[in-house]
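Engineer:
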Amino acid sequence: MLNIHNLSVSFGGTYLFEEVTFRLGAGDRVGLVGKNGAGKSTMLKMLAGDFKPDSGVISQEKDIRMGFLRQDIDFEQGRTVLEEAYEAFTEIKVVEKKLEEINHQLVTRTDYESEEYSQIIEDLSDYTHRFDLLGGYNYVGDTEKILLGLGFKREVFNNQTETFSGGWRMRIELAKLLLQSNDVLLLDEPTNHLDIESIIWLENFLRNYPGVVVIVSHDKMFLDNVTNRTIEISLGKAYDFNKPYSQYLELRHEIREKQLATQKNQQKKIEETEKLIEKFRAKASKASMAQSLIKKLDKVERIEVDEDDNSVMNISFPVSKEPGKVVIEAEHVTKAYGDKTILKDISLLVERGSKIAFVGQNGQGKSTFIKALVNEFEYQGNIKLGHNVQLGYFAQNQAEYLDGEITLLQTMEDAATDTNRMKVRDMLGSFLFRGDDVEKKVKVLSGGERNRLALCKLLLQPINVLLMDEPTNHLDIKSKNVLKAALQKFGGTLLLVSHDRDFLQGMSNIVYEFKDQKIKEYLGDINFFLEQRNLENMREVEKKDVVKAAAPVKETNKVSYEDQKKTKTLQNRLSKIESQIQQLEKDIQHDDKMLASNYDKHIEDASFFTAYNKKKADLDQLLMDWEIVQEEIDNFNA
1 MLNIHNLSVS FGGTYLFEEV TFRLGAGDRV GLVGKNGAGK STMLKMLAGD
51 FKPDSGVISQ EKDIRMGFLR QDIDFEQGRT VLEEAYEAFT EIKVVEKKLE
101 EINHQLVTRT DYESEEYSQI IEDLSDYTHR FDLLGGYNYV GDTEKILLGL
151 GFKREVFNNQ TETFSGGWRM RIELAKLLLQ SNDVLLLDEP TNHLDIESII
201 WLENFLRNYP GVVVIVSHDK MFLDNVTNRT IEISLGKAYD FNKPYSQYLE
251 LRHEIREKQL ATQKNQQKKI EETEKLIEKF RAKASKASMA QSLIKKLDKV
301 ERIEVDEDDN SVMNISFPVS KEPGKVVIEA EHVTKAYGDK TILKDISLLV
351 ERGSKIAFVG QNGQGKSTFI KALVNEFEYQ GNIKLGHNVQ LGYFAQNQAE
401 YLDGEITLLQ TMEDAATDTN RMKVRDMLGS FLFRGDDVEK KVKVLSGGER
451 NRLALCKLLL QPINVLLMDE PTNHLDIKSK NVLKAALQKF GGTLLLVSHD
501 RDFLQGMSNI VYEFKDQKIK EYLGDINFFL EQRNLENMRE VEKKDVVKAA
551 APVKETNKVS YEDQKKTKTL QNRLSKIESQ IQQLEKDIQH DDKMLASNYD
601 KHIEDASFFT AYNKKKADLD QLLMDWEIVQ EEIDNFNA
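According to UniProt numbering, the sequence shown is numbered sequentially starting from 1.
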């Protein structure tokens, strides 16, 4: 269907990729992967015809229908869900409008014997036939069927698109693509903002798609479940294998290891030949042999090893100042959009140092609650920030807050203060924006690069409480890992919204599930939450009508505010004791290794054994304390 031959693109004299060649045929489901800024979205734009390469050719079969799901969806305000979905039928709508005009003329005109009237009758016949061929009599029913399949309820069909979250708008755009019956689907980050149920539906659809699918995604599970081929763009080259993502990574690693081994053997032989050449050059009788070896060496094709781009951003979130013990108090928070209530009577207490994860289906109020905390809109109830609290907020559509017409450097300088303005170039460098990159306009950045810039900008303000709403959207896998490590080291308070279980693991000690306008609290990490819900993974969390029995949990809205405080205090005491126990066990284990390796030396050191025995005694006491506090919690929750 599509042939890509010797494609090259450069920006500012530097090649994004050079002489890339591959072919796409029916049934290919390609995962287009690579680091942020490697050129994935640019490649999709070129395949779609939105962007022309510096050199090379993209040829395609005649009359191919191509659909492109972009990262940034821009709906025209004032349209309903149905009206926006109908935009998929451009030609049908044109013909339909023409038929309306013709029918209006037939009703209003009375010159029945004129040539013009006869022409109108002929036009009516032609346009009616065309309307039928295009499926004009079925498009309304088909649209409703697809929207219902993607999770929309019939009663919201006439709601304005701007009243929906990013995930639901993505579904409308996806519905438009599916209704167009395209031969080629180009999907740029299709799982961003989608809940798990929608992702599973999309996976099933794409697995049975007969045409070509090219997907840019950093969702490893999605790629593994959908793709049968992987093309990675790295350091200007394309690596193409008929394997899904995880299998491709293993295969490429094996190939690179073989290349390294072969290159090492070749280099050894080259060095041996060079020594012989030097040796023979010293003797006149061996000069011809030396020249022969030189010619032979010149003909050797040097083995090259595929390069890996291992550059990662350097990020840390310093705590500005220590806030009070309670950083956020929310009481009876209710938020509705028109007749639709999102949150109802939510009360929540967040103490200093808490690491909290918000989970649940899209549209259940996770982002709404975060926005209420930063006072982005009016709501019922009361939210109070504690003493010395300094919020840092990363919205899931953070990139939209960036001005595309100014440079990266200007973006940072405009947000900087007198104390950190001199550091902005170094900060940009630590986020992989180096040299002339800082003079680029924001609008030319990829989605992942804009997220990196937004994270960098966030660090210009003093922070001791971080609110992170889907911060991994658009980020490549390596950047996700770096961000996760930075958030784990953050010494302040963290409230994190995410659908990504891998990212959530080890990030929280409290989980709140948003469901049916309420929240439920789970005093543990994400694995504890899934265990309590008797679920295997995050995909199960967000599916509708989960049939597995969930363990009884405490519903925070049904207990008093004082009881929440008491429970929180007990849990914090327990967490502190557990941390002390873990540290002492590590210290004792270290001392045991020292004794095993050099017992004679330590047996004579009285201070060593005094400290060693004290650690054991402290550990015994902490274990007793843990049992007491745990019993208090169990009795309180009984």
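Glycine included, C-beta positions come from ideal geometry on N, C-alpha and C.
This one's a predicted model, so the numbers in the text were calculated from it and none came from an experiment.
1) Looking at the structure shown, is V30 part of a helix, part of a strand, or coil, going by DSSP?
2) Using 8 Å for Cβ pairs, my map puts S347 next to E331. What's the rounded Cβ distance?
3) Measuring alpha carbon to alpha carbon, tell me which of N613, D620 and D592 ends up nearest Q580.
4) Is R302 helix, strand or coil when you go by DSSP?
5) What does the alpha-carbon distance come out to for the pair R65 and D183?
6) Count the other CB atoms, across all protein chains shown, that sit within 10 Å of the CB of K366; report buried if there are 16 or more and exposed otherwise.
7) How big is the Cα-Cα spacing for K40 and S125?
8) Is the number of C-beta pairs between the stretch 515–527 and the stretch 374–390 that are closer than 8 Å three or more?
9) So, at 6 Å on beta carbons, what are the nonlocal neighbours of S59 in its own chain, with the 5 sequence-adjacent residues on each side left out?
10) Does DSSP put E322 in a helix, in a strand, or in coil?
11) Given a cut-off of 8 Å, decide if T161 and R171 are closer than it, judged by their beta-carbon atoms.
12) In angstroms with no decimal places, state the Cα-to-Cα distance between P318 and N473.
13) Using a Cβ-Cβ distance cut-off of 8 Å, determine whether M170 contacts chain C.
14) Which term fits E470, buried or exposed, when burial requires 16 or more other beta carbons within 10 angstroms of its beta carbon?
15) Which first and last residues belong to the alpha helix (DSSP H) in which Q410 is found?
16) Where does the unbroken alpha helix (DSSP H) through V142 begin, and where does it stop?
17) State yes or no: is the C-beta of K520 within less than 8 Å of the C-beta of F503?
18) First and last residue of the beta strand (DSSP E) that includes H5?
19) Taking the straight line between their C-alpha atoms, what separation do you get for V216 and Y15?
20) Comparing alpha-carbon positions, which option in L187, I92 and K593 lies nearest L47?
21) Measuring only the C-alpha atoms, how far is R573 from L622?
22) Here's the rule I'm using: 16 or more other beta-carbon atoms within 10 Å means buried, otherwise exposed. How should M507 be labelled?
23) With three or more C-beta pairs closer than 8 Å as the rule, is the stretch 108–117 touching the stretch 83–93?
24) How should Y401 be labelled, buried or exposed, when 16 other C-beta atoms within 10 angstroms of its C-beta is the threshold for buried?
25) Check M507 in the structure and name its three-state DSSP category.
26) If you reduce the DSSP assignment to three classes, tell me which class K275 lands in.
27) Can you look up F433 in the DSSP assignment and give me helix, strand or coil?
28) Assign S292 to one of two classes, buried (16 or more other C-beta atoms within 10 Å of its C-beta) or exposed (fewer than that).
29) Just to confirm, are K489 and S316 a CB contact at a threshold of 8 Å?
30) Compare the Cα-Cα distances from K222 to each of V300, L134, E91 and V30 and report the closest residue.
31) Leaving out five residues on either side along the sequence, give the residues of the same chain with a beta carbon under 7 Å from the beta carbon of D123.
32) Quick one: grab the DSSP three-state call for N382.
33) Please state the DSSP three-state secondary structure of V374.
34) Should the stretch 240–247 be called in touch with the stretch 224–232, which here means at least 3 C-beta pairs below 8 Å?
35) Could you check what DSSP says for G236 in three-state terms: helix, strand or coil?
36) Since I believe L432 is in contact with N451 (beta carbons under 8 Å), could you give me their beta-carbon distance rounded to a whole number of angstroms?
Structural biologist: Put simply:
1) Counted from its first residue, the sequence shown places residue 30 at position 30. If DSSP states are grouped into helix, strand and coil, V30 belongs with the strands.
2) Walking along the sequence shown from the start, residue 347 turns up at place 347. Walking along the sequence shown from the start, residue 331 turns up at place 331. At roughly 5 Å, the Cβ-Cβ gap stays under 8 Å, so S347 and E331 are in contact.
3) As a working mapping, residue 580 is identified with position 580 in the sequence shown. Taking only the C-alpha atoms, the option nearest Q580 is D620.
4) Working through the sequence shown from its first residue, we reach residue 302 at position 302. The answer is coil: DSSP assigns R302 none of H, G, I, E or B.
5) As a position in the sequence shown, residue 65 is number 65, starting the count at 1. As a position in the sequence shown, residue 183 is number 183, starting the count at 1. Their Cα atoms are separated by approximately 5 Å.
6) By one-based count along the sequence shown, residue 366 stands at place 366. Buried.
7) Position 40 of the sequence shown, counted from the first residue, corresponds to residue 40. Position 125 of the sequence shown, counted from the first residue, corresponds to residue 125. Answer to the nearest angstrom: the Cα atoms are 47 Å apart.
8) no
9) Here residue 59 is taken as the residue at index 59 of the sequence shown, counted from 1. Contacts found: N3.
10) Walking along the sequence shown from the start, residue 322 turns up at place 322. In the structure shown, E322 sits in coil (DSSP, three-state: anything other than H, G, I, E or B).
11) In the sequence shown, counting from the first residue as 1, residue 171 sits at position 171. In the sequence shown, counting from the first residue as 1, residue 161 sits at position 161. No, these two residues do not count as a Cβ contact at 8 Å.
12) Numbered from 1 along the sequence shown, position 318 holds the residue referred to as residue 318. Numbered from 1 along the sequence shown, position 473 holds the residue referred to as residue 473. So the alpha carbons of these two residues sit roughly 23 Å apart.
13) Absent from the structure: chain C. Only one protein chain is present.
14) Here the question's residue 470 lines up with position 470 in the sequence shown. Buried, since its Cβ has 16 or more Cβ neighbours within 10 Å.
15) Residue 410 sits at position 410 when you count from the first residue of the sequence shown. Looking at the DSSP string, the run of the alpha helix (DSSP H) that includes Q410 is L408 to A415.
16) Locating residue 142 in the sequence shown gives position 142, where the first residue counts as 1. The residue asked about is misnamed: residue 142 is Asp in this sequence, not Val. Run containing D142: Y139 to G149, per the alpha helix (DSSP H) assignment.
17) As a first step, residue 520 is located in the sequence shown; it is residue number 520 there, counting from the start. As a first step, residue 503 is located in the sequence shown; it is residue number 503 there, counting from the start. No, Cβ-Cβ distance for K520 and F503 is not below 8 Å.
18) Taking the sequence shown and counting its residues from 1, the one referred to as residue 5 is at position 5. Here the beta strand (DSSP E) through H5 covers L2 to F11.
19) Position 216 of the sequence shown, counted from the start, is the residue given in the question as residue 216. Position 15 of the sequence shown, counted from the start, is the residue given in the question as residue 15. Their backbone Cα atoms lie some 20 Å apart in a straight line.
20) Stepping through the sequence shown from its first residue, residue 47 is reached at position 47. Measuring from the Cα of L47, the nearest candidate turns out to be L187.
21) As a first step, residue 573 is located in the sequence shown; it is residue number 573 there, counting from the start. As a first step, residue 622 is located in the sequence shown; it is residue number 622 there, counting from the start. Using only the alpha carbons, I get a separation of about 11 Å.
22) Walking along the sequence shown from the start, residue 507 turns up at place 507. It counts as buried.
23) no
24) Mapped onto the sequence shown, residue 401 falls at position 401. The residue is exposed, with fewer than 16 neighbouring Cβ atoms inside 10 Å.
25) Along the sequence shown, one-based indexing puts residue 507 at 507. M507 falls in the coil class under three-state DSSP.
26) In the sequence shown, residue 275 corresponds to position 275, counting from 1. Looking at K275 - three-state DSSP - the assignment turns out to be helix.
27) Counting from 1 along the sequence shown, the entry for residue 433 is found at position 433. Correct three-state label for F433: coil.
28) Along the sequence shown, one-based indexing puts residue 292 at 292. Classification of S292: exposed, given that the 10 Å Cβ count is below 16.
29) As a position in the sequence shown, residue 489 is number 489, starting the count at 1. As a position in the sequence shown, residue 316 is number 316, starting the count at 1. Yes. Within cutoff.
30) Numbered from its first residue, the sequence shown carries residue 222 at position 222. First, the residue type needs correcting, since residue 222 is Phe and not Lys in the sequence shown. Among V300, L134, E91 and V30, the Cα nearest to that of F222 is on V30.
31) Taking the first residue of the sequence shown as position 1, residue 123 is located at position 123. The answer, listed in chain order, is I102.
32) The sequence position of residue 382 within the sequence shown is 382, counting from 1. DSSP places N382 in strand when its eight states are reduced to three.
33) Taking the sequence shown and counting its residues from 1, one reaches residue 374 at position 374. In the structure shown, V374 sits in coil (DSSP, three-state: anything other than H, G, I, E or B).
34) yes
35) For the purposes of this step, residue 236 is identified with residue 236 of the sequence shown, where counting begins at 1. Strand, per DSSP.
36) Looking up residue 451 in the sequence shown gives position 451. Looking up residue 432 in the sequence shown gives position 432. In fact, because the Cβ distance is near 12 Å, the residues do not count as touching under 8 Å.
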